[in-house]
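Undergrad: Just so you know, we're using this note's numbering here: the sequence shown kicks off at 7 and counts up by one.
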Amino acid sequence: MRTPLLLLALAAALFAQQPGAVLVEKVATGFRFLNGPTWSPDDTLIFSDTPTDRQLRLTPGKSAPVEIASLAGGISATTFDTKGNMYIAQPRARRIARTDRKGKMDVVAERFEGRKLNAPNDLVVRRDGNLYFTDPAFGEQQDSAELGFYGVFRVNPKGELTAIARWKTRPNGIALSENGRLLYVADSDAQTVHAFDLDKDGVALNDRVVISKIEGAPGGVRVDDAGNIYVAARHVFIYSPKGELVRTLEVAEPPSNLTFGNVDLKSLFVTARTSVYRFDLGVKGVVSYLP
């Protein structure tokens, strides 16, 4: 249900000390645990209610969210490629699936070195077709894990799956820089964000920590066109390209993930437990499959 524009009390107190108060709007509510927001090529917001296996679509300012899919294998996050194909991380089915514009679904990644993936969580596609995704295991998912590590994976345009990181801690959110040459990955256990350099072919190199001591367990990650890094953790934290905390956006519920959207890509949509919030920031975000 849509509510009028409001300033959250906590955010108002915070931004009284910072230039330019930020308006936040609750654009949808009444769900169990929301995750995986993405701005679709048809200018709508897609997100998932993970416990109920539902994928929903919201046209901001026009209507309430509508269910567009229900997948028994779970829906943690979605993204698109430049051709309009939708990619879905399915944690219970332990796979990455892809749906084309006609609705045909196929499996992109399911096994690595003969073993089932753990529980794919978040994903992003570079403009050249390279797919990157995280594969942690939370809660009961750990009981059936086969790999022996928590992975960050790449699927190249030929469909070949490789591990670009094998961690003992659990990767979560994942995002690309505007030029597609940096890959950011949140580590929920270590409370950090890593960066990888990507070469012209999409191969990842030089894994290093760029943000540390994040308050809370970092989930979703996004980047704006100035290189600032947005992290959903205890709050939404905004860091400079050098990893310095420059701003905090407080939300009424703990945020899980986030994405930029609206036709100018200058709104930040945040999934937080039962609701979706929208911040008007006036800065353009990076959506990897859009110009």
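Every residue, glycine too, gets a C-beta built ideally from N, C-alpha and C. Nothing here was measured: the structure is a model prediction, and the numbers come from that model.
Measure the CB-CB distance between Arg-240 and Pro-260 and report whether it falls below 8 Å.
TA: Within the sequence shown, residue 240 is the residue found at index 234, counting from 1. Within the sequence shown, residue 260 is the residue found at index 254, counting from 1. Yes, Cβ-Cβ distance for Arg-240 and Pro-260 is below 8 Å.
Undergrad: Which one or two residues does DSSP pair with Leu-251 in a beta bridge?
TA: As a working mapping, residue 251 is identified with position 245 in the sequence shown. Answer by DSSP bridge pairing, in chain order: Tyr-245.
Undergrad: State yes or no: is the beta carbon of Thr-85 nearer than 8 Å to at least one beta carbon in chain B?
TA: Going by chain labels, chain B is absent from the structure shown, which holds only one protein chain.
Undergrad: With hydrogens ignored, establish whether the beta-carbon of Arg-60 is closer than 7 Å to any heavy atom of the ligand FMN.
TA: As presented, the structure is devoid of all ligands, the ligand FMN included, so that no description of it is given.
Undergrad: Indicate the three-state DSSP secondary structure (helix, strand or coil) for Ser-299 in the structure shown.
TA: Summary: the structure shown does not reach residue 299, with the chain confined to residues 7 through 297, and so no result is reported for it.
Undergrad: Could you check which residue in Asn-268, Ser-246, Leu-274 and Glu-250 has the C-alpha nearest to that of Glu-256?
TA: On the sequence shown, residue 256 is found 250 positions in, with the first residue counted as 1. Among Asn-268, Ser-246, Leu-274 and Glu-250, the Cα nearest to that of Glu-256 belongs to Leu-274.
Undergrad: Within 10 angstroms of the Cβ of Met-111, are there 16 or more other Cβ atoms? Answer buried if so, exposed if not.
TA: Counting from 1 along the sequence shown, the entry for residue 111 is found at position 105. Met-111 should be labelled exposed.
Undergrad: Per DSSP, Asp-230 forms a beta bridge with which residues?
TA: For the purposes of this step, residue 230 is taken as residue 224 along the sequence shown, with counting starting at 1. Paired residues: Gly-291.
Undergrad: Measuring only the C-alpha atoms, how far is Gln-24 from Ile-235?
TA: Here residue 24 is taken as the residue at index 18 of the sequence shown, counted from 1. Here residue 235 is taken as the residue at index 229 of the sequence shown, counted from 1. Caution is warranted here: a pLDDT of 44 is assigned to Gln-24, below 50, making its placement in the model unreliable, and no coordinate value can be reported.
Undergrad: Is it the case that the stretch 63 to 79 contacts the stretch 89 to 106, given that we only count it when at least three CB pairs across the two stretches are under 8 Å?
TA: Yes, the stretch 89 to 106 is in contact with the stretch 63 to 79.
Undergrad: Within its chain, find whatever has a CB closer than 8 Å to the CB of Pro-297; leave out the 5 residues flanking it on each side and keep chain order.
TA: On the sequence shown, residue 297 is found 291 positions in, with the first residue counted as 1. The answer is none, since no qualifying residue turns up.
Undergrad: Taking C-beta to C-beta, are Lys-32 and Ser-281 nearer than 8 Å?
TA: Position 26 of the sequence shown, counting from 1, holds the residue named residue 32. Position 275 of the sequence shown, counting from 1, holds the residue named residue 281. Contact annotation: Lys-32 and Ser-281 have beta-carbon atoms nearer than 8 Å.
Undergrad: Val-252 to Pro-142, Cα distance in whole Å?
TA: Walking along the sequence shown from the start, residue 252 turns up at place 246. Walking along the sequence shown from the start, residue 142 turns up at place 136. For Val-252 and Pro-142, the gap between their C-alpha atoms comes out near 29 Å.
Undergrad: Can you check DSSP and say which residues form a bridge with Thr-105?
TA: Position 99 of the sequence shown, counting from 1, holds the residue named residue 105. Beta-bridge pairing links Thr-105 to Met-92 and Met-111.
Undergrad: Secondary structure at Glu-31, three-state DSSP: helix, strand or coil?
TA: As a position in the sequence shown, residue 31 is number 25, starting the count at 1. It is a strand residue.
Undergrad: Could you name the residues of the same chain whose beta carbon sits closer than 8 Å to that of Arg-132, not counting the 5 residues immediately before and after it, in chain order?
TA: Your numbering for residue 132 matches position 126 in the sequence shown. If we look at Arg-132 and ignore the five residues flanking it on each side, its Cβ neighbours are Tyr-138, Leu-182, Gly-186, Leu-204, Gly-208 and Ser-294.
Undergrad: Touch check for the stretch 145 to 158 and the stretch 108 to 128: three-plus C-beta pairs under 8 Å?
TA: yes
Undergrad: Name the residue from Thr-198, Ala-169 and Val-161 whose alpha carbon lies nearest to the alpha carbon of Asn-178.
TA: Taking the sequence shown and counting its residues from 1, one reaches residue 178 at position 172. Here the closest residue by C-alpha is Thr-198.
Undergrad: Roughly how many angstroms lie between the CA atoms of Arg-63 and Asp-270, to the nearest whole one?
TA: The residue you call residue 63 lines up with position 57 of the sequence shown. The residue you call residue 270 lines up with position 264 of the sequence shown. So the two alpha carbons sit approximately 19 Å from each other.
Undergrad: Could you check the C-alpha separation between Thr-277 and Thr-50 for me, to the nearest Å?
TA: For the purposes of this step, residue 277 is taken as residue 271 along the sequence shown, with counting starting at 1. For the purposes of this step, residue 50 is taken as residue 44 along the sequence shown, with counting starting at 1. Distance between the alpha carbons of Thr-277 and Thr-50: 15 Å.
Undergrad: Would you tell me roughly how many angstroms separate the C-alpha atoms of Gly-36 and Lys-290, rounded to the nearest one?
TA: Numbered from its first residue, the sequence shown carries residue 36 at position 30. Numbered from its first residue, the sequence shown carries residue 290 at position 284. One C-alpha to the other measures close to 29 Å.
Undergrad: Under DSSP, the beta strand (DSSP E) around Asp-193 begins and ends at which residues?
TA: The count along the sequence shown starts at 1 and reaches residue 193 at position 187. Asp-193 -> beta strand (DSSP E) spans 188 to 193.
Undergrad: Do you know offhand how far His-200's Cα is from Arg-172's?
TA: In the sequence shown, residue 200 corresponds to position 194, counting from 1. In the sequence shown, residue 172 corresponds to position 166, counting from 1. Each residue's CA atom was taken as its position, placing His-200 and Arg-172 some 13 Å apart.
Undergrad: My guess is that Thr-84 and Thr-44 are in contact by the Cβ rule of under 8 Å, so how many angstroms apart are they, rounded?
TA: Counted from its first residue, the sequence shown places residue 84 at position 78. Counted from its first residue, the sequence shown places residue 44 at position 38. Yes, Thr-84 and Thr-44 are in contact; Cβ-Cβ is about 5 Å, under 8 Å.
Undergrad: Return yes when the Cβ of Val-113 is within less than 8 Å of the Cβ of Tyr-93, no when it is not.
TA: Counting from one through the sequence shown, the residue named residue 93 turns up at place 87. Counting from one through the sequence shown, the residue named residue 113 turns up at place 107. Pairing Tyr-93 with Val-113 gives a Cβ-Cβ distance that is not under 8 Å.
Undergrad: Do Ile-180 and Phe-202 have their C-beta atoms closer together than 8 Å?
TA: Position 174 of the sequence shown holds residue 180. Position 196 of the sequence shown holds residue 202. Taking 8 Å as the Cβ cut-off, Ile-180 and Phe-202 do not qualify as a contacting pair.
Undergrad: On the CB-based measure, 16 or more other CB atoms within 10 Å of its CB, does Ser-54 come out buried or exposed?
TA: On the sequence shown, residue 54 is found 48 positions in, with the first residue counted as 1. Answer is buried; the Cβ neighbour count reaches 16.
Undergrad: Span of the beta strand (DSSP E) holding Leu-137?
TA: Taking the first residue of the sequence shown as 1, we reach residue 137 at position 131. Element bounds for Leu-137: 137 to 141.
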